[in-house]
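Notes follow once the structure below has been shown.
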Amino acid sequence: MMPVRYLRQAGRPLIQTLSQTTCASARCSRVLSHGDSLTRAGWSLKGVTQGRCLATSVSNQRESVVRPDESAEGLSPFKHQRRTELWEEQQSEDPLYPESHPRLEHRAKRMSVPEFLEAFRNELDDTKDISICGRVRSKRVVGKNLVFLDIVSEFERLQVMINRSKCLLDQEERRVKFSLVRNLIEVGDHISVVGIPTRTKAGELTIEAKALPELLSPTMEQIPEKLTDPKTRMQDRHVDMLVNRQAIDVLRLRAEITKHMRDHLHSKRFLEFQTPILAENAGGAVARPFVTRATEFKERDLALRIAPELWLKRLVIGGVDRVFEIGPAFRNEGVDATHNPEFTMCEFYSAYSNLEDLINETEEILCSLAQHCQDLISTKLTSLPPIDTSRFVRPFRRVEFVPALEEALGLRLPKLSSKDALPEMLAILKLAGIQVPGEVPSSLSKLLDRLAAEYLEPMSFTEPILIMNHPACMSPLAKSFLCPKTFQLVSARAELFIGGRELANMYEEENDPEAQKQKLLDHRNLVNTADGGVTIETPDTQEGEMSALEALDEPFEDEDGDAAPLDQSFVKALDYGLPPTGGWGCGVERMVMLFSGANRISDCLSFGTLRNVVGLSAAEKVSVASEDETEEDS
Numbered sequence: 001m002m003p004v005r006y007l008r009q010a011g012r013p014l015i016q017t018l019s020q021t022t023c024a025s026a027r028c029s030r031v032l033s034h035g036d037s038l039t040r041a042g043w044s045l046k047g048v049t050q051g052r053c054l055a056t057s058v059s060n061q062r063e064s065v066v067r068p069d070e071s072a073e074g075l076s077p078f079k080h081q082r083r084t085e086l087w088e089e090q091q092s093e094d095p096l097y098p099e100s101h102p103r104l105e106h107r108a109k110r111m112s113v114p115e116f117l118e119a120f121r122n123e124l125d126d127t128k129d130i131s132i133c134g135r136v137r138s139k140r141v142v143g144k145n146l147v148f149l150d151i152v153s154e155f156e157r158l159q160v161m162i163n164r165s166k167c168l169l170d171q172e173e174r175r176v177k178f179s180l181v182r183n184l185i186e187v188g189d190h191i192s193v194v195g196i197p198t199r200t201k202a203g204e205l206t207i208e209a210k211a212l213p214e215l216l217s218p219t220m221e222q223i224p225e226k227l228t229d230p231k232t233r234m235q236d237r238h239v240d241m242l243v244n245r246q247a248i249d250v251l252r253l254r255a256e257i258t259k260h261m262r263d264h265l266h267s268k269r270f271l272e273f274q275t276p277i278l279a280e281n282a283g284g285a286v287a288r289p290f291v292t293r294a295t296e297f298k299e300r301d302l303a304l305r306i307a308p309e310l311w312l313k314r315l316v317i318g319g320v321d322r323v324f325e326i327g328p329a330f331r332n333e334g335v336d337a338t339h340n341p342e343f344t345m346c347e348f349y350s351a352y353s354n355l356e357d358l359i360n361e362t363e364e365i366l367c368s369l370a371q372h373c374q375d376l377i378s379t380k381l382t383s384l385p386p387i388d389t390s391r392f393v394r395p396f397r398r399v400e401f402v403p404a405l406e407e408a409l410g411l412r413l414p415k416l417s418s419k420d421a422l423p424e425m426l427a428i429l430k431l432a433g434i435q436v437p438g439e440v441p442s443s444l445s446k447l448l449d450r451l452a453a454e455y456l457e458p459m460s461f462t463e464p465i466l467i468m469n470h471p472a473c474m475s476p477l478a479k480s481f482l483c484p485k486t487f488q489l490v491s492a493r494a495e496l497f498i499g500g501r502e503l504a505n506m507y508e509e510e511n512d513p514e515a516q517k518q519k520l521l522d523h524r525n526l527v528n529t530a531d532g533g534v535t536i537e538t539p540d541t542q543e544g545e546m547s548a549l550e551a552l553d554e555p556f557e558d559e560d561g562d563a564a565p566l567d568q569s570f571v572k573a574l575d576y577g578l579p580p581t582g583g584w585g586c587g588v589e590r591m592v593m594l595f596s597g598a599n600r601i602s603d604c605l606s607f608g609t610l611r612n613v614v615g616l617s618a619a620e621k622v623s624v625a626s627e628d629e630t631e632e633d634s
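Just so you know, the sequence shown maps onto residues 1 to 634 in the working numbering.
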């Protein structure tokens with residue numbers, strides 16, 4: 001007679017029938033099972049036919065099992081039930097319990113789901129067994145003899161057909177084990193299946209199991225059918241990715257956009273470098289930096305970089321004519337629908353390139369990205385809205401900053417390079433009855449930036465636009481020239497705007513060391529004056545006074561937290577000769593928002609904004625306000 005014991009699983013009595021033999025090990029006389037594999041609850045036991053005692057091999061695991069607390073709080077009923085059942089099986093006197101998380105062994109030629117679908121799309125080959133792994137996304141039981149599973153791997157779905165009569169077991173094993181598989185496999189479990197390709201009557205490509213599935217990793221939490229609360233979606237981002245297809249499709253599109261940009265630059269002979277993230281100066285842009293300390297330099301403040309710009313320019317000076325970097329940048333500023341303190345930038349620098357070259361490169365990148373993303377959305381990332389590629393047609397509309405702003409305001413701007421330009425501008429606007437958005441700006445560059453946001457950037461809602469030739473005071477790192485139309489001192493710069501958002505910034509880099517030094521001093525003077533500080537009149541060093549370059553390195557922030565944008569070592573590096581260079585930068589998240597249709601930057605970040613990330617790591621999760629509420633408050 002064969003021993004029979006009853007198990008409880010999901011409230012149902014189940015029967016496990018075991019054939020008996022004796023362990024070949026001289027150290028053990030426990031009961032073993034014949035057969036290549038014995039599956040209970042979807043778990044396979046291997047190596048038995050080689051005379052190995054499974055109980056001996058896993059005895060250490062049994063000792064490490066802790067009985068689940070029957071009154072444990074915080075556990076879902078689903079998780080508590082599974083933990084209890086697992087513990088009961090591992091405490092059984094029967095040595096033939098399976099490992100709950102076995103090491104992966106391929107019982108046949110391994111293929112991924114995408115490889116399987118591609119290999120047998122047109123022609124089936126049932127002469128060789130195939131091994132496939134994946135996560136169960138759905139289960140359909142058809143009578144007593146047939147189970148269909150949908151498994152997913154690498155974002156592709158494959159149907160698994162388990163027919164009791166086709167599994168290679170004797171009649172009694174087939175009956176018992178099939179009932180276990182039918183009743184115990186849960187949606188969310190990771191399984192391994194060995195079988196052959198076939199097609200159902202409906203024509204769907206399927207793998208027909210020749211052996212019962214092996215459970216590789218059981219889910220201990222029930223996957224919800226849907227997840228809609230924004231707070232919960234960000235706190236349990238991994239669940240959001242499983243439940244909401246659009247959430248993972250946005251992140252997949254991000255990966256594709258990054259790859260496409262990298263491939264494009266490689267095809268143009270650019271070299272990718274990684275530059276320092278932590279240094280004494282944040283450098284490269286005007287923003288409040290994150291400041292920290294290192295044990296190596298206990299008395300000196302260090303900063304996370306705001307942008308990689310200055311490091312990349314040093315590489316160009318060092319002979320790397322075409323260089324780019326895709327990496328993180330940090331700005332210690334607020335969180336809203338389009339901003340996060342940590343984000344990803346793509347910057348490239350090309351020697352012997354001018355603004356026209358940069359604009360051509362921009363149009364090529366954007367147009368190719370639009371088509372590439374639309375191809376992906378129409379085939380793989382189908383949860384995302386389609387892209388109107390007709391909007392991305394070269395050439396993009398060009399808008400001259402000063403003439404366009406004068407036309408929009410209906411007045412003539414004063415000489416913007418004058419030290420009195422800010423009060424003159426404010427007086428002219430007041431006389432014309434034009435209200436400045438927000439509080440009174442502390443500098444001319446801030447005033448011009450707000451006016452551009454109010455009157456120029458909205459032009460991009462109908463088509464992509466390039467706002468060009470900004471007043472020189474707005475771009476201290478760019479080359480400048482006297483505009484023949486307006487006789488204003490302007491920068492050789494352009495910004496790409498689409499849908500009211502800045503997508504890319506580009507300009508000809510200032511490569512004259514003395515001109516660069518003076519521009520930085522002028523910029524610092526304006527900020528100092530706005531804050532009531534002391535103005536540095538000249539770059540010359542006077543006895544007993546701080547040198548101009550030393551002044552640039554002195555810590556300083558204006559009322560908006562804008563830090564000095566440069567360090568003196570870069571100005572000194574320019575003495576070795578920076579060739580005429582074009583620089584280009586974009587925020588990767590902005591690109592993802594554009595092409596995915598996402599309304600919040602949090603959707604384009606793997607685990608949301610800084611507020612979401614801090615909420616995950618806190619002992620008690622902080623309250624996460626919605627991005628829309630934050631945007632209204634700002």
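Even for Gly, the Cβ is constructed at its ideal location relative to N, Cα and C.
- When the five nearest sequence neighbours on each side are left out, the beta carbons in the same chain lying within less than 6 angstroms of the beta carbon of E502 are those of E495, in order along the chain.
- By alpha-carbon distance to E156, the top candidate from I465, M468, P386 and T382 is T382.
- Residue pairing by DSSP places D388 in no beta bridge whatsoever.
- Secondary-structure assignment with DSSP links E118 through no beta bridge to anything.
- Bridge pairing for T292: L302 [DSSP].
- Within the DSSP secondary-structure output, A478 pairs in a beta bridge with E509.
- In the DSSP assignment, V592 falls within the alpha helix (DSSP H) that extends over V588 to S596.
- Taken in chain order, the whole beta strand (DSSP E) runs of length 3 or more contained in the region 357 to 430 are 397 to 400.
- Counting the other Cβ atoms within 10 Å of the Cβ of N281 gives 16 or more, which makes it buried.
- Residue nearest to D249 within the set L610, N612, M593 and R611 is M593 (criterion: CA-CA distance).
- Residue pairing by DSSP places F570 opposite no residue, since no beta bridge is assigned to it.
- Counting only unbroken stretches of 4 or more residues, the alpha helix (DSSP H) elements lying wholly within the region 184 to 266 are 230 to 235 and 237 to 243, in sequence order.
- Around the beta carbon of S192, a 10 Å sphere encloses 16 or more other beta carbons of the protein chains shown; the residue is thus reported as buried.
- Beta-bridge partners assigned by DSSP to R135: V152 and H190.
- Minimum Cα-Cα distance from V147 among the listed residues E208, A119 and N612 corresponds to E208.
- Just measuring C-alpha positions, the residue of E256, I498, A427 and P484 sitting nearest T362 is I498.
- With a contact defined as Cβ atoms closer than 8 angstroms, L610 and P328 miss out at about 12 angstroms.
- With a 10 Å radius around the Cβ and a threshold of 16 neighbouring Cβ atoms, N505 comes out buried.
- When the beta-carbon positions are compared, E508 and N354 come within less than 8 angstroms of each other.
- Between I162 and V181, the C-beta gap is smaller than 8 angstroms, which places the two residues in contact.
- When beta bridges are read from the DSSP output, W584 appears opposite F348 and M506.
- Counting along the chain, the unbroken beta strand (DSSP E) around A329 starts and ends at R322 to F330.
- In this structure, R493 and N511 do not form a Cβ contact; the two beta carbons are roughly 15 angstroms apart against a cut-off of 8 angstroms.
- In summary, R293 is exposed, with fewer than 16 beta-carbon neighbours lying within 10 Å of its beta-carbon over all protein chains present.
- A Cβ-Cβ distance of about 7 angstroms is found for the pair E309 and G583, placing them in contact under the 8 angstroms criterion.
- Assignment of R110 by DSSP, reduced to helix, strand and coil, places it in the strand class.
- One thing to note: F120 has its Cβ no nearer than 8 angstroms to the Cβ of P213.
- Assignment of beta-bridge partners to A494 by DSSP yields M468 and M506.
- Judged by beta-carbon spacing, L451 lies beyond the 8 angstroms limit of V399, meaning their Cβ atoms are not closer than that value.
- Contact between the region 250 to 258 and the region 368 to 381 is established, with three or more Cβ pairs separated by less than 8 angstroms.
- Here K109 is exposed, its C-beta having fewer than 16 other C-beta atoms within 10 Å.
- Listed in chain order, the non-local C-beta contacts of I434 below 7 angstroms within the same chain comprise L409, local neighbours out to five positions each way being set aside.
- In this structure, the CA atom of K485 is about 43 angstroms from the CA atom of P385.
- Within its own chain, the residues whose Cβ lies closer than 8 angstroms to the Cβ of K226, once the five positions on either side in sequence are excluded, are V243 and N244, listed in chain order.
- Between I359 and A370, the C-beta gap is not smaller than 8 angstroms, which leaves the two residues out of contact.
- Beta-bridge pairing by DSSP links L271 to V323.
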